[in-house]
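>
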Amino acid sequence: MNRYWSGRIRNAVPYTPGEQPRDRTFIKLNTNECPYPPSPKVTEAIRAAAGDGLRLYPDPECLDLRAAIAQREGLDLRQVFCGNGSDEILAFAFQAFFEPDREVVFPKITYSFYPVYTGFFGLRCREVPMNPDFSDPIDLLCGNNGGVVLANPNAPTGLAVGLDTVEKLLNANPDVVVLVDEAYIDFGGDSAVGLIGRYPNLLVVQTASKSRALAGLRVGWAMGDPGLIDGLRCVRDSINSYTVDRLAQAGAAAALRDEDYFQSIRRRVMDTRRWTEHALRERGFAVLPSQANFVFARHPHHGGKELLDGLRERGVLARWWSTPEIADWLRISIGTDGDMAALMAALDGILLYSESS
C-alpha cells in the first residue's frame, strides 16, 4: 500500500477479472466471451468512422446508438443511456440510486463486482444466502432495503427467473430502485424491458459484450424511466462526459441493427450449450440448467480447483472461485463446437488419470 493512497482505496478489495493469458495459447472458456466474430457490418461501420472525425470528441449523448437500442426495444430515446461497458453503468447506478445509510441487497452468489461497488462507494450491502438449489432467495429481497440488484440470468450459476418474479420484486420495493442486470439475457432468459413503462423504479442493464461479440469495444446500456436515466447522466457528467468513443458507438449501433446475425450467433451458442450440458452429465457432472453462455458444473469426485488446474495443464481455461458454497464448482464458457470437444477430451484425461492412479 502506498502512503499517498486515499482512505477510500486503502482497504478496497478490487474485482478480479478472468485471466487473459499471454504466455501461451489456451482454449479460453473462462471469461464468457463470444466464440464467434462480430457481424461484418460492425467492422464496416468502424472503418467508416475511423477517419478525420477521430480528432473530434465523440457524441456524449450517443444519439445514434441510443436510437438503435430504442427502436429495437420499442422505447423512447429518453429511456436509454449508454456507457463504456455495462460495468461502468453499474458503477454509475450504485452512485446515483443507493444511499450510504440504507443496505443494498443482492444474492450472495452472484456477480462479484456488486460487493466491490458497495465497498468502494461507501455503501452498505446485505448479501442474502442462496436457496439450497442455488435459486435466488427472492422473498428475502422484498422490502426493508435501500435498493435491489438482481443478475438475471445469474452469474456464475446461469439460472434465470421469470418476469413474474421480477414484478414481485418491483411491487415489493416501490420506493427504491430495482436494478436488473441482463448481461446474459439473450441466451434464453426473459427480458424485463417490457415492464419499464409500468415501473418507474426499474433499471435494466445490458451489454454488447456477449451475444453481439463486442467485448473488445466496451459498450453497455441502461433502460428505464427518464428520471432514472437523468440520474445516470448526472453521475456521468460529473466524472467524464465522453465515455463511449466514436468507433465503439458506430460498431455497436451496427451490431444492434443486424438482427439476423445476432439471432444466428445466439442460436449457435445455445445449441452448443445444450450439447455441452449433455456431455458433462454423461461424465458424471451435476450441471445447473443454464440460460447464459456458460454452464456451472460440479463433479462428485473432483474438487473445482483440482479440475481447474487439470484443465489448465491441458490447455483449457475455466473459472473457479474459492467461496465455500461454490468451491466444488466450475463456470465454463461456451466456445465453438471444437472448443467444447477439446474440453471434453481434457476432462476425459483428468478423469482417466484419476481412475488409474
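The opening position of the sequence shown corresponds to residue -9 in the numbering used here, with each subsequent residue numbered one higher. By construction, the Cβ of each residue, glycine as well, lies at the ideal position given by its N, Cα and C atoms.
(1) I need the boundaries of the alpha helix (DSSP H) containing residue 243, first residue and last residue.
(2) Please give the ranges of any alpha helix (DSSP H) in the stretch 85 to 133, keeping only runs that are unbroken, at least 4 residues long and fully inside the region.
(3) I'd like the list of long-range same chain contacts for residue 8, defined as Cβ closer than 7 Å, with 5 residues on each side in sequence excluded.
(4) So for residue 323, helix, strand or coil by DSSP?
(5) Tell me, which residues are paired with residue 192 by DSSP?
(6) Could you check what DSSP says for residue 21 in three-state terms: helix, strand or coil?
(7) Could you check the C-alpha separation between residue 285 and residue 315 for me, to the nearest Å?
(8) Under DSSP, the beta strand (DSSP E) around residue 287 begins and ends at which residues?
(9) Along the beta strand (DSSP E) that carries residue 140, what are the first and last residues, could you check?
(10) Are the stretch 327 to 344 and the stretch 290 to 301 in contact at 8 Å, needing three or more beta carbon pairs?
(11) Determine, using beta carbons only, whether residue 76 and residue 265 come nearer to each other than 9 Å.
(12) Can you give me the start and stop residues for the alpha helix (DSSP H) that residue 156 sits inside?
(13) Where does the unbroken beta strand (DSSP E) through residue 214 begin, and where does it stop?
(14) Residue 267: buried (16+ other C-beta within 10 angstroms of its C-beta) or exposed?
(15) Please report how far the alpha carbon of residue 124 lies from the alpha carbon of residue 106, in whole angstroms.
(16) Please go through the same chain and pick out, in chain order, the residues whose beta-carbon is closer than 7 Å to the beta-carbon of residue 318, but skip the five residues on each side of it.
(17) How would you label residue 47, buried or exposed, when you count the other beta carbons within 10 angstroms and need 16 or more for buried?
(18) Less than 6 Å between C-beta atoms, sequence neighbours within five positions excluded: which residues of the same chain meet that for residue 175?
(19) Name the residue from 156, 60, 82 whose alpha carbon lies nearest to the alpha carbon of residue 243.
(20) Of the residues 178, 29, 71, which one's Cα is nearest the Cα of residue 260?
(21) Should the stretch 99 to 116 be called in touch with the stretch 136 to 151, which here means at least 3 C-beta pairs below 8 Å?
(22) Skipping 5 residues on each side, what residues in its chain have a beta carbon closer than 7 Å to that of residue 273?
(23) Residue 73 lies in the beta strand (DSSP E); which residues open and close that run?
(24) Applying the 10 Å Cβ sphere with the 16-neighbour rule, what's the burial state of residue 226?
(25) Buried or exposed for residue 239, please, with buried defined as at least 16 other CB atoms from any protein chain shown within 10 angstroms of its CB.
(26) Apart from the five residues on each side of it in sequence, which residues of its chain come closer than 7 Å, Cβ to Cβ, to residue 66?
(27) Would you decide whether residue 15 is buried or exposed? Buried here means 16 or more other CB atoms lie within 10 Å of its CB.
(28) What residue ranges within the stretch 6 to 65 form continuous alpha helix (DSSP H) runs of no fewer than 4 residues, ordered along the chain?
(29) For residue 28, is the classification buried or exposed, using 16 other Cβ atoms within 10 angstroms of its Cβ as the cut-off for buried?
(30) Where does residue 292 sit, in a helix, a strand or coil, going by DSSP?
(31) Over what stretch of residues does the alpha helix (DSSP H) that includes residue -2 continue unbroken?
(32) Please return the same chain residues whose Cβ sits closer than 6 Å to the Cβ of residue 188, not counting the five positions on each side in sequence.
So, from the listed chains and residues:
(1) 236 to 247
(2) 103 to 110
(3) 20, 21, 309
(4) strand
(5) 168
(6) coil
(7) 17 Å
(8) 284 to 288
(9) 138 to 141
(10) yes
(11) no
(12) 153 to 162
(13) 210 to 214
(14) buried
(15) 21 Å
(16) 288, 293, 294
(17) exposed
(18) 181
(19) 60
(20) 178
(21) yes
(22) 337, 341
(23) 70 to 73
(24) buried
(25) buried
(26) 60
(27) exposed
(28) 30 to 39, 53 to 63
(29) buried
(30) strand
(31) -3 to 0
(32) none
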